[in-house]
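>
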Amino acid sequence: MMVSKTVALQSTTMAQKKVLFLSLVHPAFLPPVLAMAQVLRDEGYAIHILTFDPHLATESSETEGIVLESVGKHHGIGLLQRLTIRRKYTARAKQIVAENTTAIISFCAFSYLCGLKVRNQQPIVYHALEMADFIWKSLPRSPLSQINNYLALNRVDKANLVSTPSAQRSAWLAGRCKLSFLPETVQNTNYISSVDTANYAETVKKLLPEQHLNKTALLYMGSVNPLNCVAELVEAFCQIKNENTLLLIAGMKDNQYCNDIKQYTASQEMNNRILFYPYITGLEKEALQQHASIGISLTKENKADIESKMTAPNKAGEYLAKNLYLIGTETEYMKQFKFSGVASLVSSPTTENITTAINESLSIVASGSYKSKIAHMVNSTYSMQQQMKPITHLLKQL
Numbered sequence: 001m002m003v004s005k006t007v008a009l010q011s012t013t014m015a016q017k018k019v020l021f022l023s024l025v026h027p028a029f030l031p032p033v034l035a036m037a038q039v040l041r042d043e044g045y046a047i048h049i050l051t052f053d054p055h056l057a058t059e060s061s062e063t064e065g066i067v068l069e070s071v072g073k074h075h076g077i078g079l080l081q082r083l084t085i086r087r088k089y090t091a092r093a094k095q096i097v098a099e100n101t102t103a104i105i106s107f108c109a110f111s112y113l114c115g116l117k118v119r120n121q122q123p124i125v126y127h128a129l130e131m132a133d134f135i136w137k138s139l140p141r142s143p144l145s146q147i148n149n150y151l152a153l154n155r156v157d158k159a160n161l162v163s164t165p166s167a168q169r170s171a172w173l174a175g176r177c178k179l180s181f182l183p184e185t186v187q188n189t190n191y192i193s194s195v196d197t198a199n200y201a202e203t204v205k206k207l208l209p210e211q212h213l214n215k216t217a218l219l220y221m222g223s224v225n226p227l228n229c230v231a232e233l234v235e236a237f238c239q240i241k242n243e244n245t246l247l248l249i250a251g252m253k254d255n256q257y258c259n260d261i262k263q264y265t266a267s268q269e270m271n272n273r274i275l276f277y278p279y280i281t282g283l284e285k286e287a288l289q290q291h292a293s294i295g296i297s298l299t300k301e302n303k304a305d306i307e308s309k310m311t312a313p314n315k316a317g318e319y320l321a322k323n324l325y326l327i328g329t330e331t332e333y334m335k336q337f338k339f340s341g342v343a344s345l346v347s348s349p350t351t352e353n354i355t356t357a358i359n360e361s362l363s364i365v366a367s368g369s370y371k372s373k374i375a376h377m378v379n380s381t382y383s384m385q386q387q388m389k390p391i392t393h394l395l396k397q398l
């Protein structure tokens, strides 16, 4: 996505205020970070994102007018190395803050504590993208994360603005930290460009055999694991007799769960209608999203795990930004899409329920009635431009 020439011209001619983004996870794998940066860039701010290397190779994201800086590798290293690279990160953040930085936005417990440490009167926003709870039994397994979670939970009130990706998480954080205020909600939506001239036709042709190009494609992207019900999805799709439908699953790995799914697909003679992809690039992801008609985001709720009941999937925002109808689990977060007429939800992600949802979604997609509803929802509320208003309002008050 390219920013319009008008916005680009305004960005370079007005006196810019710098905002420092602190993110442990690289924005290529944490889309809300980049989406928020793009919104503030269009508002005229100079954005500097400080992060670590991505855990997988990735092509550069759309960062025109945004400085994206990594201090090195953080994954797959020992504890002492991790402590060393984190000190380097903090030192670099302190340098950037001294270079006329106006405000700081942090996205996890570690980066929030870093922001508190290096700021010098600058306001700090803590947009808690993760549910960073402190759990004693997890301390031996992940001491750094648990210690940071504990410290962050006890210092949430030091932020000038606190937000989370869902109303449920905001309520949880307020109760967990005994806050006298309710954190703002900034949902995991996409940045919507005023000019989108990208053409993915050639990329799609490389990803799909020619005989599949005109079929109605259902798309699943993300982690392929039992929590996300991919096996149930495949079993459900095998019950769909419509030969003009296609299921695309991106994110396959070489493990037992993925291999079992592939074997089941072969046993049902569905290899011609279910296509698997390993890790794909950002360009390929965009191409498949633009080509598909239905996006899938399923999850299982665990009664003993409160986090599983508070999902705020990035994929919902990505799918809707590309005009995809949704299939998902009927969580509190996902209900808004059902009420808006842009999703078919299942009360429980069983094979039978998912099959019913697929049939319903195929009928709705065939009618075409959902597209205007998606456009209305995205333009009115479900875009990062709309969701970020609490943060942009704070920055404008500075």
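For the sequence shown, our numbering begins at 1 and goes up steadily by one.
Yeah, the Cβ is synthetic: ideal placement off N, Cα and C, and Gly gets one too.
Compare the Cα-Cα distances from V71 to each of Q81, N359 and V186 and report the closest residue.
When each option's Cα is compared against that of V71, the closest is Q81.
> Can you check whether the CB of S380 is closer than 8 Å to the CB of I192?
It is not a contact, given that the beta carbons lie outside the stated cut-off.
> Hey, how far is the Cα of Y112 from the Cα of A250?
Roughly 32 Å separates the two Cα atoms.
> I want to know whether the stretch 126-139 touches the stretch 99-112 - three or more CB-CB distances under 8 Å.
Cβ pair count under 8 Å is three or more, so yes.
> What's the C-alpha gap between I280 and S180?
Taking the straight line joining both Cα atoms gives about 44 Å.
> Taking the alpha-carbon of T216 as reference, which of I364, T84, K389 and M377 has the nearest alpha-carbon?
It is I364 whose Cα lies nearest to the Cα of T216.
> Taking the CB atoms as reference points, tell me whether I374 and N323 lie closer together than 8 Å.
In contact: I374 and N323 (Cβ atoms closer than 8 Å).
> So is Q263 buried or exposed if we call it buried at 16+ other beta carbons inside 10 Å?
Answer is exposed; the Cβ neighbour count stays below 16.
> List the whole-angstrom C-beta distance separating A103 from P123, where the pair is believed to meet the contact cut-off of C-beta under 8 Å.
So it is a contact: roughly 5 Å between Cβ atoms.
> By how many angstroms is the C-alpha of W172 removed from the C-alpha of N188?
If I take the Cα positions, the gap works out to 17 Å.
> Which residue marks the beginning of the alpha helix (DSSP H) containing G44, and which one marks its end?
Neither: G44 is in no alpha helix (DSSP H) and is coded neither H nor E.
> Rounded to whole angstroms, what is the Cα-Cα separation between S340 and E360?
Each residue's Cα considered, the two are about 16 Å apart.
> Which of the three DSSP states, helix, strand or coil, is assigned to H127?
Here H127 sits in strand by DSSP.
> Return the CA-CA distance between L151 and P226, expressed in angstroms with no decimal places.
Their backbone Cα atoms lie some 32 Å apart in a straight line.
> Compute the Euclidean distance between the alpha carbons of R273 and P209, then round it to the nearest angstrom.
The alpha-carbon atoms of R273 and P209 are separated by roughly 11 Å.
> Which whole-angstrom value is the C-beta distance of F134 and L153, which I expect to be below 8 Å?
Confirmed, about 6 Å.
> What is the rounded straight-line gap between the Cα of H26 and the Cα of F52?
Each residue's alpha carbon lies about 6 Å from the other.
> What's the C-alpha gap between I296 and Y325?
Computed Cα separation, rounded: 9 Å.
> Given this structure, state the Cα-to-Cα distance separating C114 from Q38, to the nearest angstrom.
If I take the Cα positions, the gap works out to 23 Å.
> Where F276 and L248 are concerned, what is the direct C-alpha to C-alpha distance, given to the nearest angstrom?
Between F276 and L248, the C-alpha separation is close to 6 Å.
> T392: which of R155, Q211, V33 and L40 sits nearest, CA to CA?
Closest by alpha carbon: L40.
> For I294, which of Q268, M388, D254 and L345 has the nearest alpha-carbon?
Residue L345 is the option with its Cα nearest to I294.
> What do you get for T164, buried or exposed, if any count of 16 or more other CB atoms within 10 angstroms of its CB means buried?
T164 is buried by the Cβ-count criterion.
> Ignore the nearest five residues each way along the sequence and tell me which others in I96's own chain have a CB closer than 7 Å to its CB.
So the qualifying residues of the chain are L20, H48 and L50.
> Excluding five sequence neighbours on each side, which residues of the same chain lie with their C-beta closer than 6 Å to the C-beta of V67?
Here the set comprises H48.
> With burial defined as no fewer than 16 other Cβ atoms inside 10 Å of the residue's Cβ, what is the status of S4: buried or exposed?
For S4, the pLDDT reaches just 35, beneath the cut-off of 50, and the residue's location in the model is therefore unreliable, although a value from the coordinates is still provided. So S4 ends up on the exposed side.
> Under 6 Å Cβ to Cβ from F337, same chain only, skipping five residues before and after it: list those, please.
Here the set comprises L326 and A343.
> From the DSSP secondary-structure annotation, give me the bridge partner or partners of E69.
E69 pairs with L50.
> Under a Cβ-count criterion, where at least 16 other Cβ atoms within 10 Å of its own Cβ denotes burial, should Q256 be classed as buried or exposed?
It counts as exposed.
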